[in-house]
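Numbering of the sequence shown is given in full-length UniProt numbering, commencing with residue 1 and proceeding in unit increments.
These notes concern the structure reproduced below.
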Amino acid sequence: MNALSSYKQLGPWLMLTACLLLAGCEQKEFAPDQLTLGAPFPDIGVTTLAGKPVSLSSLRGRVVLLNVWATWCPPCRRELPSLEKLEQILKEQPFSVVGLSIDDDVDLVQEYLSDQGVTYANYVDLSGKEANEKLGIVAYPHTFLIGKKGRLVARYAGERVWHMRSMVNELREEINRVD
């Protein structure tokens, strides 16, 4: 009977642990979706890894896959090699994979990307506010597909295998779309 009592006490803790593991890298409580498909993607100000401020609106005219991630997020780290492969597959197209780290340490981000062999463009949101508040992100990784005219085409929460044939074909369709 004593063993059964111990298991009953562990139950809530096991359930809590499972929920946290399944939630990904959640940073704050749920916020309502702030973006709708087809709407203009917010112009967010970020910083290059060299420390220069830049606006993501400078990428208009290309299809952009914007991946919001962090070095402390295991699913984010697992996803980076697939994004790198995708960038290489579509490098001759008007398409860009763009990373946006919410880490507050540029040197850490640079070192991590270098160690992982990531060559696609990456920026940082040192405060985390641009990504969280303007994009309504509550868990990482979070990825946005932005069309050539700067409109939100798709939104993906969680880890993906980006270089799979089906995903590459979906992205090629968007690249070839005439707006």
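Every residue, glycine too, gets a C-beta built ideally from N, C-alpha and C.
Query raised in the report: If you compare alpha carbons, which of Ala121, Ser55, Glu111, Pro74 is closest to Glu84?
Result: Against the sequence shown, residue 84 aligns to sequence position 84. Considering only alpha carbons, the answer is Ala121.
Requested in this report: For Leu145, name the three-state secondary structure that DSSP assigns.
Outcome: Working through the sequence shown from its first residue, we reach residue 145 at position 145. Strand at Leu145.
Requested in this report: Would you mind sorting Lys91 into buried or exposed? The rule is 16 or more other CB atoms within 10 Å of its CB.
Outcome: Along the sequence shown, one-based indexing puts residue 91 at 91. With fewer than 16 Cβ atoms within 10 Å of its Cβ, Lys91 is classed as exposed.
Requested in this report: Spatial neighbours of Leu171 within its chain, please: CB distance less than 8 Å, with the 5 preceding and 5 following residues excluded, ordered by chain position.
Outcome: As a first step, residue 171 must be located in the sequence shown, where it is residue number 171. These residues qualify, in order along the chain: Val63, Leu65, Leu86, Leu90, Phe95, Leu145.
**Report entry** Rounded distance between the beta-carbons of Gly150 and Ser57, thought under 8 Å
**Finding:** Here the question's residue 57 lines up with position 57 in the sequence shown. Here the question's residue 150 lines up with position 150 in the sequence shown. With a Cβ gap of about 7 Å, Ser57 and Gly150 count as contacting.
Query raised in the report: Relative to the C-alpha of Asp107, which residue among Leu126, Thr119, Arg78, Val97 is closest?
Result: Position 107 of the sequence shown, counted from the start, is the residue given in the question as residue 107. Selected option, being the one with the closest Cα: Leu126.
Report task. Measure the C-alpha to C-alpha separation of Val46 and Lys134 and round it to an integer number of angstroms. Result -> Translated into positions along the sequence shown, residue 46 becomes position 46. Translated into positions along the sequence shown, residue 134 becomes position 134. Cα to Cα, the separation comes out at about 12 Å.
Report task. Could you check the C-alpha separation between Leu113 and His142 for me, to the nearest Å? Result -> Position 113 of the sequence shown, counting from 1, holds the residue named residue 113. Position 142 of the sequence shown, counting from 1, holds the residue named residue 142. Cα to Cα, Leu113 sits roughly 18 Å from His142.
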